[in-house]
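Here the protein sequences come in this chain order: A and B. In terms of my numbering, the first sequence opens at residue 1 and continues consecutively. In terms of my numbering, the second sequence opens at residue 93 and continues consecutively. Report on one structure; see the data block that follows.
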Amino acid sequence: MTARLRLPRMLTHSVKNGLEHEVGGETVREVLNSLFEREPGLRTHLVDEKGEIRPHVSVFVDGLQARLGTSVPERADIRVLHAVSGGAGLNS
Amino acid sequence: MATYRDLVARALREVGELTPAEVLAQIEDLTILDVREADEYEQGAIPGARLIPRGILERDIAGVIPDTKTRLVLYCASGSRSALAAAAVRTMGYEDATSLAGGFERWKQEGHAWGDPTGLTSEQRTRYARHVRLPEIGEAGQLELLDSKAVIIGAGGLGSPAAMYLAAAGVGTIGVVDDDVVDASNLQRQLLHNVDRVGMAKVNSARETLMAMNPDVKVEMHGERLKSHNAISILGGYDVIVDGGDNFPTRYLVNDAALHLRTAVVHGSIFRFEGQTSVLSPYEGPCYRCLHREPPPPELAPSCAEAGVLGVLPGIIGSIQAMEAIKILLGIGDTLTGRLLIYDALDQDFTTLSVARDPACPACRDPERPPVLVDYDDTCRPAGNTVRTS
């Protein structure tokens with residue numbers, strides 16, 4: 001399966017090939033592994049040492065929150081989300 | 093030539109009349125329209141009557157009463173103007189419009205209930221005219237807003253537009269929580285403040301701006317940092333919480349306190365060119381911890397001060413927060429409960445993602461055991477749950 005994956009702008013400086021990728025994989029886990037082959041700098045941002053999605057990261061497949069085992073349909077839209085604290089206050 | 097009396101008599105033949113007793117007998121099925129002038133209405137009116145003065149009746153009635161099948165009874169002081177008014181709206185399709193026999197004077201003489209309308213003053217009717225014309229708001233909705241209380245965490249980039257739009261909309265009480273002072277570097281995006289107020293407490297600056305915008309609004313200043321010991325006392329009593337905070341420990345604390353209080357949080361956060369907003373409705377939709385179980389470790393989460401933010405971005409996200417807060421206060425529309433709206437300014441793209449409650453969420457899985465309130469460190473790890481006391 002080939003899906004279109006979009007990364008948050010927060011990760012702009014951790015990628016070499018931009019924030020949008022066409023990636024293959026039957027599940028979210030496979031899609032992320034394909035992504036890491038292309039963008040090795042992302043691995044530490046998105047998954048922990050055990051390969052689990054980090055608790056401040058969420059992955060959505062076609063608009064629905066997904067887990068590593070979630071199936072990825074052909075031409076799915078995958079969105080990766082990162083927790084953001086900012087309110088543009090003095091300290092943020 | 094037809095005289096005024098002739099016109100009234102002709103109108104009465106067409107629209108008929110209901111006596112005060114007949115109106116009271118059918119009051120559940122009737123909508124009562126007061127077609128007198130605003131100054132007459134303010135001195136006393138029939139309870140539940142909606143005011144549309146005769147002079148603007150044809151212009152405004154569709155906005156106030158969209159359904160032309162509504163059973164209308166119109167009244168004025170004596171029953172003449174209302175007969176003419178009922179005939180006029182019949183020509184617009186309100187076929188069930190009639191007139192109150194003897195008008196307000198007879199109503200009072202017969203000893204039926206009347207009183208000072210709890211309606212808007214004439215100044216408020218002018219100020220909120222564009223709201224009142226919306227059928228989803230109307231005069232009743234505007235009164236509800238004036239009776240509502242919203243609290244805003246942070247008088248910064250998100251809090252500025254949120255507070256200003258809520259004040260302009262006539263949300264009657266606005267609490268502002270911020271322990272900071274205005275800094276020159278804030279002025280690129282924090283519209284509540286200005287050059288003359290650099291060094292002033294942000295809550296004072298916010299109050300000056302909001303009071304100047306709308307004297308109807310009472311601004312409650314909370315010039316302290318939200319902590320576990322004060323979160324309930326500060327946030328309790330408000331109908332909605334707008335989270336424009338700038339750090340993760342406060343966001344998780346706001347989430348936990350809102351679960352105790354069962355008060356909805358309108359979440360907003362921004363980074364560089366990207367913003368996120370959602371409505372966290374306790375035990376109805378996901379909470380903040382359902383969405384983000386833990387914050388990123390500091391090395392993976394540069395702050396806005398380090399990374400920068402385009403000044404307009406919090407203006408857009410904070411304005412959406414104000415919109416969601418007003419919808420919650422009025423109970424209209426579909427809020428962002430269970431949905432996360434992502435805005436990308438560079439692509440000019442809005443995306444809505446669905447977020448479900450996490451049945452294993454340590455914060456909200458059990459409504460009877462909300463989280464223990466603690467002052468989180470940077471890890472914001474859950475500190476356990478407690479027995480609900482309220």
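From the three backbone atoms N, C-alpha and C, an ideal C-beta is built for every residue, glycine too.
Counting only the same chain and skipping the five closest in sequence on each side, list residues whose C-beta sits under 8 Å from that of residue i.
{"i": "V479 (chain B)", "result": "E460, R461"}
{"i": "W206 (chain B)", "result": "G136, A137, I138, P139, F196, W199, K200"}
{"i": "V100 (chain B)", "result": "S172, A175, L176"}
{"i": "G264 (chain B)", "result": "L237, L238, D239, S240, K241, D308, V309, K310"}
{"i": "P112 (chain B)", "result": "L192, A193, G194, R198, W199, E202, H204"}
{"i": "L422 (chain B)", "result": "E228, I229, G233, E236, L237"}
{"i": "A169 (chain B)", "result": "R128, E132, G195, F196, E197"}
{"i": "T218 (chain B)", "result": "none"}
Just the chain A side, please: which residues come within less than 8 Å of residue i by C-beta, in chain order?
{"i": "H384 (chain B)", "result": "P55, H56, S58, A83"}
{"i": "E366 (chain B)", "result": "P8, R9, M10, V84"}
{"i": "R343 (chain B)", "result": "S85"}
{"i": "Q463 (chain B)", "result": "Correcting the residue identity first, residue 463 (chain B) is Pro in this sequence and not Gln. Within chain A, no residue comes near P463 (chain B); the closest Cβ sits about 16 Å away, beyond 8 Å."}
In chain order, what residues of the same chain lie with their CB nearer than 7 Å to the CB of residue i, ignoring the 5 residues before and after it?
{"i": "E22 (chain A)", "result": "T2, R4"}
{"i": "G59 (chain A)", "result": "Before going further, note that residue 59 (chain A) is Val rather than Gly in the sequence given. V28, I53, A66, I78, V80."}
{"i": "M292 (chain B)", "result": "V273, V274"}
{"i": "T427 (chain B)", "result": "V371, E416, K419, I420"}
{"i": "D335 (chain B)", "result": "I245, R343, V346, V357, V358, H359, G360"}
{"i": "Y468 (chain B)", "result": "P341, Y344, L345"}
{"i": "D152 (chain B)", "result": "I144, R225"}
{"i": "L35 (chain A)", "result": "L5, H21, V23, L42"}
Are the CB atoms of residue i and residue j nearer to each other than 7 Å?
{"i": "V243 (chain B)", "j": "G267 (chain B)", "result": "yes"}
{"i": "R354 (chain B)", "j": "P374 (chain B)", "result": "yes"}
{"i": "Y330 (chain B)", "j": "K241 (chain B)", "result": "yes"}
{"i": "D270 (chain B)", "j": "G249 (chain B)", "result": "no"}
{"i": "L258 (chain B)", "j": "E231 (chain B)", "result": "no"}
{"i": "T301 (chain B)", "j": "L318 (chain B)", "result": "no"}
{"i": "E20 (chain A)", "j": "R9 (chain A)", "result": "no"}
{"i": "A350 (chain B)", "j": "M305 (chain B)", "result": "no"}
{"i": "R163 (chain B)", "j": "D188 (chain B)", "result": "yes"}
{"i": "A83 (chain A)", "j": "P378 (chain B)", "result": "no"}
{"i": "N339 (chain B)", "j": "Y380 (chain B)", "result": "no"}
{"i": "D308 (chain B)", "j": "G262 (chain B)", "result": "yes"}
{"i": "C472 (chain B)", "j": "P341 (chain B)", "result": "yes"}
{"i": "V311 (chain B)", "j": "R299 (chain B)", "result": "yes"}
{"i": "L104 (chain B)", "j": "V165 (chain B)", "result": "no"}
{"i": "I324 (chain B)", "j": "H314 (chain B)", "result": "no"}
{"i": "V332 (chain B)", "j": "A417 (chain B)", "result": "yes"}
{"i": "A94 (chain B)", "j": "A254 (chain B)", "result": "no"}
{"i": "F365 (chain B)", "j": "A437 (chain B)", "result": "yes"}
{"i": "V15 (chain A)", "j": "E37 (chain A)", "result": "no"}
{"i": "A276 (chain B)", "j": "S214 (chain B)", "result": "no"}
Identify, in the order they occur along the chain, each residue of the same chain with its Cβ nearer than 6 Å to the Cβ of residue i, setting aside the five sequence neighbours on each side.
{"i": "G194 (chain B)", "result": "G171"}
{"i": "E106 (chain B)", "result": "A179"}
{"i": "R146 (chain B)", "result": "V127, R173, A177"}
{"i": "L433 (chain B)", "result": "T369, T444"}
{"i": "D62 (chain A)", "result": "A76, D77"}
{"i": "G185 (chain B)", "result": "T160"}
{"i": "S482 (chain B)", "result": "none"}
{"i": "N91 (chain A)", "result": "No answer about N91 (chain A) holds up, because its pLDDT of 38 lies below 50 and its placement is not dependable."}
{"i": "A141 (chain B)", "result": "I124, D126"}
{"i": "E109 (chain B)", "result": "S191, A193"}
Within the continuous beta strand (DSSP E) that includes residue i, where are the two ends?
{"i": "T190 (chain B)", "result": "189 to 192"}
{"i": "S58 (chain A)", "result": "57 to 61"}
{"i": "G314 (chain B)", "result": "The question names Gly, yet the displayed sequence has His at residue 314 (chain B). Per DSSP, H314 (chain B) belongs to the beta strand (DSSP E) from 310 to 314."}
{"i": "Y167 (chain B)", "result": "164 to 167"}
{"i": "T444 (chain B)", "result": "441 to 446"}
{"i": "Q65 (chain A)", "result": "64 to 66"}
{"i": "G267 (chain B)", "result": "265 to 269"}
Using a C-beta to C-beta distance shorter than 7 Å, which residues of chain A count as neighbours of residue i?
{"i": "V447 (chain B)", "result": "Q65"}
{"i": "N296 (chain B)", "result": "Going along chain A, no residue has its Cβ under 7 Å from N296 (chain B), so there is no contact; the nearest lies around 15 Å."}
{"i": "I333 (chain B)", "result": "Within chain A, no residue comes near I333 (chain B); the closest Cβ sits about 13 Å away, beyond 7 Å."}
Kindly list, in the order they appear in chain A, the residues whose Cβ is closer than 9 Å to that of residue i.
{"i": "A393 (chain B)", "result": "M10, H56, H82, A83, V84, S85"}
{"i": "P387 (chain B)", "result": "P55, H56, A83, S85"}
Please report the residue range of the alpha helix (DSSP H) in which residue i lies.
{"i": "T218 (chain B)", "result": "214 to 219"}
{"i": "V181 (chain B)", "result": "173 to 183"}
{"i": "V100 (chain B)", "result": "96 to 107"}
{"i": "D131 (chain B)", "result": "130 to 134"}
{"i": "L238 (chain B)", "result": "230 to 238"}
{"i": "S252 (chain B)", "result": "251 to 261"}
What does residue i reach in chain B if we use C-beta pairs closer than 8 Å?
{"i": "R79 (chain A)", "result": "I434, T443, L445"}
{"i": "H45 (chain A)", "result": "L392"}
>> What ranges does the beta strand (DSSP E) occupy inside the region 350 to 425 of chain B, keeping only unbroken runs of at least 3 residues that lie completely in it?
In response: Runs found: 357 to 363, 366 to 372.
> Unbroken alpha helix (DSSP H) runs of length 4 or more, entirely within the region 1 to 39 of chain A: which are they?
Replying inline: Listed in chain order, the complete alpha helix (DSSP H) runs (minimum 4 residues) inside the region 1 to 39 of chain A are 28 to 38.
> Considering only residues of the region 276 to 344 of chain B, which uninterrupted alpha helix (DSSP H) runs meet the minimum length of 4 residues and lie entirely inside it, listed in chain order?
Replying inline: Restricted to the region 276 to 344 of chain B, the alpha helix (DSSP H) segments that are unbroken, complete and at least 4 residues in length are 294 to 305, 323 to 327, listed in chain order.
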